[in-house]
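Quick notes on the structure that follows.
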Amino acid sequence: MSKRVYIAATGGTIAMRRTPSGWATEPGFLAELLAGLPELQAPEMPAYDLHEYEPLLDSSNMTPRDWWRIAQDIEEHYDDYDGFVVLHGTDTMAYTASALPFFLEGLGKPVIVTGSQIPLCEVRNDARANLLASLLIAAHEPIPEVCLFFGDKLLRGCRAVKVDADGLSAFDSPNYPVLGEAGIAIEIHWNRVRPAPSPNTRFRVREVDEVAIGALRLFPGIPAAFVQNVLRPPLKGLVLEAYGVGNGPDRDPAFLAALAEATARGVVIVDTTQCLRGRVALGDYAVGTALANTGVVSGFDLTAEAALAKLYYLFSVGLPPEEVKRQMGRDLRGELTVG
Ligand code: ASP
Numbered sequence: 007m008s009k010r011v012y013i014a015a016t017g018g019t020i021a022m023r024r025t026p027s028g029w030a031t032e033p034g035f036l037a038e039l040l041a042g043l044p045e046l047q048a049p050e051m052p053a054y055d056l057h058e059y060e061p062l063l064d065s066s067n068m069t070p071r072d073w074w075r076i077a078q079d080i081e082e083h084y085d086d087y088d089g090f091v092v093l094h095g096t097d098t099m100a101y102t103a104s105a106l107p108f109f110l111e112g113l114g115k116p117v118i119v120t121g122s123q124i125p126l127c128e129v130r131n132d133a134r135a136n137l138l139a140s141l142l143i144a145a146h147e148p149i150p151e152v153c154l155f156f157g158d159k160l161l162r163g164c165r166a167v168k169v170d171a172d173g174l175s176a177f178d179s180p181n182y183p184v185l186g187e188a189g190i191a192i193e194i195h196w197n198r199v200r201p202a203p204s205p206n207t208r209f210r211v212r213e214v215d216e217v218a219i220g221a222l223r224l225f226p227g228i229p230a231a232f233v234q235n236v237l238r239p240p241l242k243g244l245v246l247e248a249y250g251v252g253n254g255p256d257r258d259p260a261f262l263a264a265l266a267e268a269t270a271r272g273v274v275i276v277d278t279t280q281c282l283r284g285r286v287a288l289g290d291y292a293v294g295t296a297l298a299n300t301g302v303v304s305g306f307d308l309t310a311e312a313a314l315a316k317l318y319y320l321f322s323v324g325l326p327p328e329e330v331k332r333q334m335g336r337d338l339r340g341e342l343t344v345g
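Residue 7 is where the sequence shown starts when you use my numbering, and the numbers rise one by one after that.
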């Protein structure tokens, strides 16, 4: 029997056309384009159903409620398809690909998030290749993970980051090797793929709560008052994008006091690195130790995107701050390297 793939089209460049105010989505346009693609009728291609979201979004407009909408859509159709392709804008694709693995609990089928830098309607585009490879992977490779496919790389979703605003190889996962490559053949590195959940694991989707979570990138001279303002209630969690191995200034007592006062109130502050590659090690420098002493927790080698998504997840599940802190240091979906 031919394989079946569900395509959730949320928007993005892949589905856009030129308008007087720039690239924009238009309802029905993607379905029209797909109907005109003869490759989709090839015998190795899966049968597909396309669900075009209303409204189709430029992914800059995505919110955590949209993550939930995608997760619910997958849940509703979970039993009827071999795999899922989520068409998405590239701007916040790494955030969605980081969030879905957490909210899709017990996932046992491939969910491939993809998009393109050039719309499918253009003569020269990367949309066609990304779409076709994603459909083939979703249909024929039983990877029990949320992945991001782009260029020629299959990445773990919760390790992916957008690294290029213009290039066609726009995503990478600097702290985890690629799960697969689309060269002459599509090759999956199965030893890097997470094991399938045990047969008695139930697939379920968690509702994404509108928790007050934030992110703050440190910069030289950051005023303590600014940090204090960011950390005000109702904020529950903060991704602190710090320097190098997680360092920040320790010669400004007001800055450290702002962090300590917030963590004492139960705000979970996760220390990540602004660097593309590598991990946080708060004990390496005195400045890092000073941060750790304020109650900030290490984000190890989490990307800032995955740290943010994980905070949303853990608070949405309803865990108290102490447990959120503990879980931040555990590997739940392959998002961080322990040890
Ligand atoms: N602004 C677009 C989006 O994220 C960019 C893209 O898809 O490449 O929806």
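Built from N, CA and C at the ideal position, the CB exists for glycine as well.
It should be emphasised that the depicted structure is a prediction, and the values quoted were computed from it without experimental measurement.
For residue i, tell me which candidate among the options has the shortest Cα-Cα distance.
| i | options | result |
| --- | --- | --- |
| residue 272 | 229, 213, 300 | 300 |
| residue 289 | 72, 162, 251, 309 | 251 |
| residue 87 | 68, 72, 100, 114 | 114 |
| residue 203 | 157, 151, 125, 29 | 151 |
| residue 172 | 184, 164, 157 | 157 |
| residue 323 | 161, 24, 214, 340 | 214 |
| residue 10 | 23, 34, 71, 117 | 117 |
| residue 267 | 279, 282, 302 | 302 |
| residue 69 | 318, 135, 331 | 318 |
| residue 162 | 297, 200, 133, 192 | 200 |
| residue 139 | 127, 270, 89 | 89 |
| residue 221 | 314, 67, 126, 177 | 314 |
| residue 99 | 155, 270, 297 | 155 |
| residue 241 | 274, 223, 224 | 274 |
| residue 67 | 97, 24, 174, 330 | 97 |
| residue 270 | 238, 284, 176 | 238 |
| residue 129 | 336, 23, 334, 281 | 23 |
At a cut-off of 7 Å, would you count residue i as near ligand 1, judging by its Cβ distance to the nearest heavy atom?
| i | result |
| --- | --- |
| residue 3 | Residue 3 falls outside the range modelled here, since the chain spans only 7 to 345, and no answer is possible. |
| residue 4 | In the structure as shown, the chain begins at 7 and stops at 345. Residue 4 is therefore absent and cannot be evaluated. |
| residue 186 | no |
| residue 25 | no |
| residue 95 | yes |
| residue 347 | In this structure the chain extends from 7 to 345, so residue 347 is not present and cannot be described. |
| residue 278 | no |
| residue 300 | no |
| residue 157 | no |
| residue 340 | no |
| residue 19 | yes |
| residue 72 | no |
| residue 98 | yes |
| residue 140 | no |
| residue 104 | no |
| residue 64 | yes |
State yes or no: is the C-beta of residue i within less than 8 Å of the C-beta of residue j?
| i | j | result |
| --- | --- | --- |
| residue 145 | residue 44 | no |
| residue 93 | residue 21 | yes |
| residue 254 | residue 248 | yes |
| residue 286 | residue 261 | no |
| residue 62 | residue 15 | yes |
| residue 312 | residue 256 | no |
| residue 31 | residue 73 | no |
| residue 149 | residue 110 | no |
| residue 195 | residue 186 | yes |
| residue 34 | residue 95 | no |
| residue 36 | residue 58 | yes |
| residue 5 | residue 206 | Residue 5 lies beyond the residue range present for the chain, which begins at 7 and ends at 345; the question has no answer from this structure. |
| residue 184 | residue 168 | no |
| residue 142 | residue 192 | yes |
| residue 136 | residue 121 | yes |
| residue 310 | residue 278 | yes |
| residue 164 | residue 329 | no |
Nearer than 7 Å: is that true of the beta carbon of residue i relative to any heavy atom of ligand 2?
| i | result |
| --- | --- |
| residue 261 | Looking for ligand 2 in the displayed structure turns up nothing; the ligands present are ligand 1. |
Just the C-alpha distance for residue i and residue j, rounded to the nearest angstrom, thanks.
| i | j | result |
| --- | --- | --- |
| residue 76 | residue 105 | 11 Å |
| residue 84 | residue 209 | 9 Å |
| residue 243 | residue 308 | 15 Å |
| residue 219 | residue 48 | 45 Å |
| residue 246 | residue 294 | 13 Å |
| residue 212 | residue 124 | 33 Å |
| residue 46 | residue 304 | 46 Å |
| residue 259 | residue 227 | 13 Å |
| residue 296 | residue 345 | 21 Å |
| residue 107 | residue 91 | 14 Å |
| residue 127 | residue 178 | 25 Å |
| residue 71 | residue 119 | 17 Å |
| residue 50 | residue 229 | 58 Å |
| residue 3 | residue 56 | With the chain running from 7 to 345 in the structure shown, residue 3 is simply not present. |
| residue 339 | residue 132 | 29 Å |
| residue 64 | residue 19 | 7 Å |
| residue 175 | residue 320 | 32 Å |
Item to check | Sequence ranges, beta strand (DSSP E) only - wholly within the segment 22-77, length at least 3 | outcome: 22-25, 28-31, 53-63
Next on the checklist: As an exercise, report each continuous alpha helix (DSSP H) stretch of at least 4 residues that is fully enclosed by the segment 129-210, in chain order.
Outcome noted: 133-146
Checklist entry - At which residue ranges does the segment 281-341 contain complete alpha helix (DSSP H) runs of 4 or more residues, listed in the order of the chain? => result 292-298, 310-323, 327-334
Item to check | Segments assigned beta strand (DSSP E), at least 3 residues, entirely inside the segment 217-257 | outcome: 219-223, 243-248
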